[in-house]
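One structure is given here, and the rest of the page talks about it.
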């Protein structure tokens with residue numbers, strides 16, 4: 006598995022330019038589920054709102070060093086990472102300082118590569134308690150410098166898609182952006198998978214949208230579907246991933262299934 010021996014961590018950008026599709030929810034709960042099955046996971050919060058940080062229990066007063074400091078070159082990922090209450094899961098938090106990053110780095114030719122270089126430094130000098138198997142990057146809901154850094158640094162993109170109206174809105178633009186990044190800055194970038202989120206099996210429309218997404222993305226779509234679940238919606242307000250808040254609910258079971266499916270897919274990719 007990733008993280009074993011001297012293997013570099015598998016870096017996945019959780020991205021979709023459309024807001025409200027479950028990017029942050031997927032990042033924190035997939036990260037928790039991967040940790041629950043024995044992986045060491047680092048979440049990088051690249052959203053100025055800092056919702057991923059809140060969702061794993063890191064309050065604003067504990068975010069004195071953030072991904073902003075990493076991207077500005079003021080500290081390393083190791084220096085900015087914080088342990089969470091979940092064994093094996095750490096996070097580099099975020100705050101509103103990220104909003105001004107593009108302006109502050111204007112004219113700097115290295116700005117798209119800052120996160121990539123920081124991850125390379127972390128890989129070369131892993132934490133004392135062991136290297137990470139997975140790095141999950143929670144991207145903001147826009148195609149800005151932050152998302153560009155994530156796409157340049159990532160091995161692949163994990164795309165959450167909500168099974169509601171306008172589900173495919175923006176997906177074609179995200180796909181075009183991935184193609185542009187692959188052509189110019191990161192030739193190995195690909196879509197690792199598409200995760201259907203907030204799904205209500207009782208609604209025919211949700212089922213139709215799921216079918217449309219599968220038609221568009223084919224085998225990239227995960228078999229695991231994340232259901233619309235009140236416990237999943239409640240958990241972040243308590244500063245807990247769903248597996249900590251209620252490990253027996255359907256949302257928890259779905260994220261555990263997604264983690265297992267992702268690991269199996271990663272094994273297949275490595276074997277190919």
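Numbering (my numbering), first residue to last: 6 to 277. Heads up, the beta-carbon is just placed ideally off N, CA and C, and yes, glycines get one too.
Contact under 9 Å by Cβ, residue i with residue j
i	j	result
residue 88	residue 99	no
residue 166	residue 141	no
residue 76	residue 35	no
Residues near residue i in its chain [Cβ-Cβ closer than 8 Å; skip 5 each side]
i	result
residue 178	22, 148
residue 280	Look at the range of the chain in this structure, 6 to 277, and you will see that residue 280 is not part of it.
residue 27	165, 167, 200, 202, 203, 231
Distance between residue j and residue i (C-alpha atoms, nearest Å)
i	j	result
residue 62	residue 91	10 Å
residue 10	residue 209	Summary for residue 10: the model assigns pLDDT 42, below 50, so the residue's position carries little reliability; its value from the coordinates is reported in the next sentence. In a straight line, the C-alpha of residue 10 is about 47 Å away from that of residue 209.
residue 215	residue 112	42 Å
residue 126	residue 81	8 Å
residue 60	residue 123	24 Å
residue 115	residue 107	12 Å
residue 246	residue 78	30 Å
residue 220	residue 169	15 Å
residue 194	residue 157	8 Å
residue 41	residue 118	31 Å
residue 189	residue 207	44 Å
residue 264	residue 131	23 Å
residue 276	residue 133	29 Å
Residue i: first and last residue of the uninterrupted beta strand (DSSP E) it sits in
i	result
residue 240	Premise fails: residue 240 is in no beta strand (DSSP E) and is neither H nor E.
Cross-strand partners of residue i (DSSP beta bridge)
i	result
residue 18	142, 162
residue 201	166, 230
residue 3	Here the chain has residues from 6 to 277 only, and residue 3 is not among them.
residue 97	49
residue 196	162
residue 87	96
Own chain, CB closer than 7 Å to residue i, minus 5 neighbours either side, in chain order
i	result
residue 8	Bear in mind that a pLDDT of 41 at residue 8, under 50, signals an unreliable position, so the number given afterwards is only what the model happens to contain. Cβ within range, chain order: 14, 44, 45, 136, 137, 138.
residue 50	57, 58, 72, 96, 97, 98, 99, 143
The alpha helix (DSSP H) enclosing residue i, as first and last residue numbers
i	result
residue 245	It is not in any alpha helix (DSSP H) - residue 245 carries neither H nor E in the DSSP assignment.
residue 74	72-76
6 Å Cβ shell around residue i - same chain, five flanking residues per side excluded
i	result
residue 199	164, 166, 222, 225, 226
residue 182	148
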